[in-house]
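> The numbering used here numbers the first residue of the first sequence as 120 and each following residue consecutively. Each residue gets a CB set at the ideal place from its N, CA and C atoms; glycine is no exception. As the structure is a computational prediction, the values presented were derived from the model and not from experiment.
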Amino acid sequence: MPELPEVETVRRGLATWVVGRRIASVEVRHPRAVRRHVPGPEHFAAAIAGRTVVDVRRRGKYLWLPLDSGDAVLGHLGMSGQMLLQPADAPDEKHLRVRFGFADEGPELRFVDQRTFGGLALSEGGADLPAEIAHIARDPMDPDFSDTAFVAALRRRRTEIKRALLDQSLISGVGNIYADEALWRARLHGLRPTDALTRPAVGRLLGHVRDVLAAATDEGGTSFDALYVNVNGESGYFDRSLAVYGREGLPCRRCAAPIRREPFMNRSSFSCPRCQPRPRGAARG
DNA sequence: CGCAGGCCCTGGTAGC
DNA sequence: TGCTACCAGGGCCTGC
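1) Under the assumption that glycine 245 contacts lysine 281 (Cβ atoms under 8 angstroms), give the Cβ distance between them as a whole number of angstroms.
2) Assign leucine 239 to one of three DSSP states: helix, strand, or coil.
3) Whole angstroms is fine: what's the gap from aspartate 344's alpha carbon to glutamate 125's?
4) Could you tell me how far apart the beta carbons of leucine 182 and valine 172 are, in whole angstroms, since I believe they sit closer than 8 angstroms?
5) What's the call for arginine 277, buried or exposed, on a 16-neighbour Cβ count within 10 Å?
6) Taking the continuous alpha helix (DSSP H) assigned at histidine 327, which residues delimit it?
7) Take every Cβ of the segment 231-243, pair it with every Cβ of the segment 193-209, and state whether three or more of those distances are shorter than 8 angstroms.
8) Inspect the beta-carbon positions of alanine 362 and tryptophan 303 and report whether they are closer than 7 angstroms.
9) Tell me, please, whether the segment 210-230 touches the segment 253-265 by the rule of three or more beta-carbon pairs shorter than 8 angstroms.
10) Where DSSP assigns a beta bridge to tryptophan 183, which residues make up the other side?
11) Relative to the C-alpha of aspartate 337, which candidate in Arg359, Ser288, Leu325 has its C-alpha closest?
12) Can you give the Cα-Cα distance for glutamate 243 and glycine 159, rounded to whole angstroms?
13) Specify, as a first and last residue, the run of the alpha helix (DSSP H) that glycine 299 falls within.
14) Going by C-alpha distance, which of Asp208, Arg274, Ala240, Ala298 is nearest proline 121?
15) Measure the alpha-carbon distance for leucine 417 versus glutamate 146 and round it to whole angstroms.
16) So the candidates are Cys371, Arg306, Asp314; which of them puts its Cα closest to the Cα of proline 396?
17) Quick one: which unbroken beta strand (DSSP E) runs of 3-plus residues sit fully inside the segment 253-280? Chain order, please.
18) Comparing C-alpha positions only, which one of Ala320, Val157, Val293, Phe230 sits nearest to valine 270?
19) In terms of alpha-carbon separation, which member of Val175, His214, Gly340, Ile296 lies closest to valine 137?
20) Which of the three DSSP states, helix, strand or coil, is assigned to valine 153?
21) Do you know whose CA, among Arg329, Gly194, Val217, Ala165, lies nearest valine 231's CA?
22) Could you tell me whether the Cβ atoms of leucine 215 and phenylalanine 163 are closer together than 7 angstroms?
23) Skipping 5 residues on each side, what residues in its chain have a beta carbon closer than 6 angstroms to that of arginine 373?
24) DSSP on valine 126, reduced to helix/strand/coil?
25) Is it right to say serine 407 is buried, meaning 16 or more other beta carbons lie within 10 angstroms of its own, or is it exposed?
26) Between the Cα of leucine 332 and those of Pro312, Ile296, Leu289, Pro382, spot the shortest distance and give me the residue it belongs to.
27) Can you give me the C-alpha to C-alpha distance between histidine 149 and threonine 267, rounded to a whole angstrom?
28) Can serine 288 and aspartate 258 be called in contact, C-beta distance under 7 angstroms?
29) Below 7 angstroms between beta carbons: does that hold for serine 144 and alanine 168?
30) In the DSSP output, what is arginine 380 paired with across the bridge?
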């Protein structure tokens, strides 16, 4: 569920609360949370303890905390990951995975993750950009994202447009929710073949992707339940603004046709049957 | 190489 | 009531 707007909301919260603070202790409560850190949980904890957080950065759905050692704590929230600032004496969350205590004895940083798809790792020398995520494309809010290169790369693909939007090596930060929302705004069905889209059509779609990501970030992200929250445990409000996602059977906000839901990659796609006609030859869901 | 699909997880809920 | 089945889904990995 956390896509770019949700991760950016968390990044901003962390930037406010942890930059400039020295980490005094690291406690890994569940080894799966640091499974991407090959040297293991003990190494993870030892390499971070004593270091100061100097920044909080993001690319797509990945976050990282550059440390004064030149390394970085790299994190992904997966589906249910949370980064929470909590008083040190607050009771442990049920799904607390990693706890960071600070030398100033102020609020702790806690990584909480119910479904454990998320995780943390120490990226050696990764303060600027962790090598582990070098394959992740820039996201569309990155000032160095190239629109023309994206349009060209997308049109070279031999796949469907929604699959391309979800491909983090082509454009990062977009997940199932915002892909559906951007496609609705662009009046494109997700099964449209990428190589049949014109440059202007892809350019318009990219504009809608950017618009919906920006609007959702302004609202603090989207949340349907208590799983996604910012660092203070608060939910965003963008779910009120969704046009198609999760709105099966409800009227399209443009034309009032009932929103349809179709199976897609073991999950669901939502679209308007009138504004977003299924392309010729595409199998019915 | 590009692309498609399986798998990892667990809490909530629908259905019987 | 209590059980089971299913669903949510991002990214890594494998196989074609």
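Per the coordinate set shown:
1) For glycine 245 against lysine 281, the beta-carbon gap comes to about 31 angstroms, at or over 8 angstroms, which does not count as contact.
2) It is a strand residue.
3) Caution is warranted here: a pLDDT of 48 is assigned to aspartate 344, below 50, making its placement in the model unreliable, and the coordinate value is therefore given only provisionally. So the alpha carbons of these two residues sit roughly 13 angstroms apart.
4) Going by Cβ atoms, the distance from leucine 182 to valine 172 rounds to 12 angstroms, so no, they are not a contact pair.
5) Under this definition arginine 277 is an exposed residue.
6) Its alpha helix (DSSP H) spans residues 318-337.
7) Output reads yes: the segment 193-209 touches the segment 231-243.
8) For alanine 362 and tryptophan 303, yes; Cβs fall inside 7 angstroms.
9) Under the three-pair Cβ rule at 8 angstroms, the segment 210-230 does not count as touching the segment 253-265.
10) Paired residue(s): Arg176, Leu193.
11) Of the residues Arg359, Ser288, Leu325, the one whose Cα lies closest to the Cα of aspartate 337 is Arg359.
12) Between glutamate 243 and glycine 159, the C-alpha separation is close to 14 angstroms.
13) Residue 299 is actually aspartate in this sequence, not glycine. Counting along the chain, the alpha helix (DSSP H) containing aspartate 299 begins and ends at 295-305.
14) Selected option, being the one with the closest Cα: Ala298.
15) Outside the shown range of the chain (120 to 404) lies residue 417, about which nothing can therefore be said.
16) That would be Arg306, whose Cα lies nearest to the Cα of proline 396.
17) Annotation note: the segment 253-280 contains no uninterrupted beta strand (DSSP E) run of length 3 or greater.
18) The residue with the shortest Cα to Cα distance from valine 270 is Ala320.
19) Measuring C-alpha to C-alpha distances from valine 137 to each of Val175, His214, Gly340, Ile296 identifies Val175 as the nearest.
20) Here valine 153 sits in helix by DSSP.
21) In terms of Cα proximity to valine 231, the closest of Arg329, Gly194, Val217, Ala165 is Val217.
22) Contact flag unset, no.
23) These residues qualify, in order along the chain: Cys394.
24) In the three-state reduction of the DSSP assignment, valine 126 falls in the helix class.
25) Not covered by the structure: residue 407. The range shown for the chain is 120 to 404.
26) Comparing Cα-Cα distances from leucine 332 to each of Pro312, Ile296, Leu289, Pro382, the minimum goes to Ile296.
27) C-alpha separation (whole angstroms): 43 angstroms.
28) Taking 7 angstroms as the Cβ cut-off, serine 288 and aspartate 258 do not qualify as a contacting pair.
29) Yes, the pair counts as a contact, with Cβ atoms nearer than the cut-off.
30) Assignment of beta-bridge partners to arginine 380 by DSSP yields Phe389.
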